[in-house]
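Read left to right, the sequence shown gives residues 55 to 266 (this note's numbering).
Input: a single structure, listed below in structure tokens.
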Amino acid sequence: MAEARRSAVVTNAAKKEKSRLRQNIESLLIALLVALAIRATVVEAFWVPSGSMLPTIQIGDHLFVNKLAYGFHIDIPFTGIVIPVAQWAHPQRGDIVVFVSPNDGKTDLIKRVVAVAGDTVEIRQKKLYINGQPAPDPYAHFKYPQDTNGIPRDNFGPVVVPPGKFFVMGDNRDESLDSRYWGFADEKAIKGKATFIYWSGWKFDRLGKFLH
Numbered sequence: 055m056a057e058a059r060r061s062a063v064v065t066n067a068a069k070k071e072k073s074r075l076r077q078n079i080e081s082l083l084i085a086l087l088v089a090l091a092i093r094a095t096v097v098e099a100f101w102v103p104s105g106s107m108l109p110t111i112q113i114g115d116h117l118f119v120n121k122l123a124y125g126f127h128i129d130i131p132f133t134g135i136v137i138p139v140a141q142w143a144h145p146q147r148g149d150i151v152v153f154v155s156p157n158d159g160k161t162d163l164i165k166r167v168v169a170v171a172g173d174t175v176e177i178r179q180k181k182l183y184i185n186g187q188p189a190p191d192p193y194a195h196f197k198y199p200q201d202t203n204g205i206p207r208d209n210f211g212p213v214v215v216p217p218g219k220f221f222v223m224g225d226n227r228d229e230s231l232d233s234r235y236w237g238f239a240d241e242k243a244i245k246g247k248a249t250f251i252y253w254s255g256w257k258f259d260r261l262g263k264f265l266h
């Protein structure tokens, strides 16, 4: 009888342990699903590996992207697929956006919007013109002198931005592959607006810096 009771106690303890393990696994799965849902629809962290947006965004910066800045969409993780659901705003000139590359349909790129649908874009000797007028361009950075043969880097257009498209450029104009080389960015491919830097190695002066 005593042996039977001990066996029952061991069995019940094992069942409780399995139940506790199951609850822990379920909690982890739920937390993972919630994290993926937030990443797909609300906010996502990005690491910047290149210098195309220097000096505004430096190599190695970690930043948050607001995915609700322009609307609600579902970004299926690790696929490059962005499914638009609702839209309440459009990117404006000067916005820094993250979008899926039109080249391979999966790589995330970060650039600044310099022209929107209906705008006529032209670059003359490095100077940006929008609709025939010199455009305010305070964030542009130039590394090399003007090259009259540097088409399309230093001389481009004019071209008209089609509906649903944007003309984007890196702030580091001389070392950025952007709309001058591969064409317009599609609004449907935009994941969100870059908002602020949350980590930049040991460059503490950059922590929490809002992007403009």
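Backbone N, C-alpha and C define an ideal beta-carbon position, used for all residues, glycine too.
Per DSSP, which residues does residue i bridge with? Please list them.
i	result
LEU108	The partner list for LEU108 (beta bridge, DSSP) is empty, contrary to what the question assumes.
TYR183	GLU176 and PRO188
LYS219	ASP240
VAL119	GLU98 and ALA248
ASP129	VAL136
VAL170	BP columns for VAL170 are empty, so no partner.
HIS195	ASN226
Using the Cα positions of residue i and residue j, report the straight-line distance between them to the nearest angstrom.
i	j	result
ASP158	SER73	46 Å
GLN141	VAL167	18 Å
VAL170	LEU75	54 Å
LEU265	THR110	8 Å
GLY105	GLU229	8 Å
TRP256	LEU122	30 Å
HIS144	ILE137	16 Å
PHE258	PRO199	33 Å
GLY172	ILE79	52 Å
ALA120	PHE221	This sequence places Asn at residue 120; Ala is not what is there. If I take the Cα positions, the gap works out to 20 Å.
GLU241	PRO156	11 Å
GLN112	VAL102	7 Å
SER254	LEU108	14 Å
Does residue i pass the burial test, meaning 16 or more other C-beta atoms within 10 Å, or should it be called exposed?
i	result
LYS160	exposed
TYR124	buried
ALA62	Unreliable placement is indicated for ALA62, whose pLDDT of 49 sits below 50; no coordinate value is reported for it.
ALA239	buried
VAL139	exposed
Please state if the CB of residue j and the CB of residue i are separated by a distance shorter than 8 Å.
i	j	result
ILE251	LYS263	yes
ILE130	LYS247	no
ASP225	ILE177	no
ARG227	ALA194	yes
VAL152	ILE135	no
PHE196	ARG234	no
ARG260	ASP115	yes
VAL175	PRO216	no
For residue i, tell me which candidate among the options has the shortest Cα-Cα distance.
i	options	result
PRO206	PRO103, ALA239 and LYS181	LYS181
TRP236	PHE126, LEU108 and VAL154	VAL154
ARG147	TRP253, LEU231, ALA99 and ILE184	ILE184
LEU117	ILE128, ALA99 and THR133	ALA99
ASP268	THR249, MET223, LYS219 and VAL214	An answer regarding residue 268 cannot be provided, because it is not within the stretch 55 to 266 covered by the chain.
Cβ-heavy atom distance between residue i and the ligand MN below 7 Å?
i	result
PRO206	Only the bare structure without any ligand can be found here, which leaves the ligand MN out of the picture.
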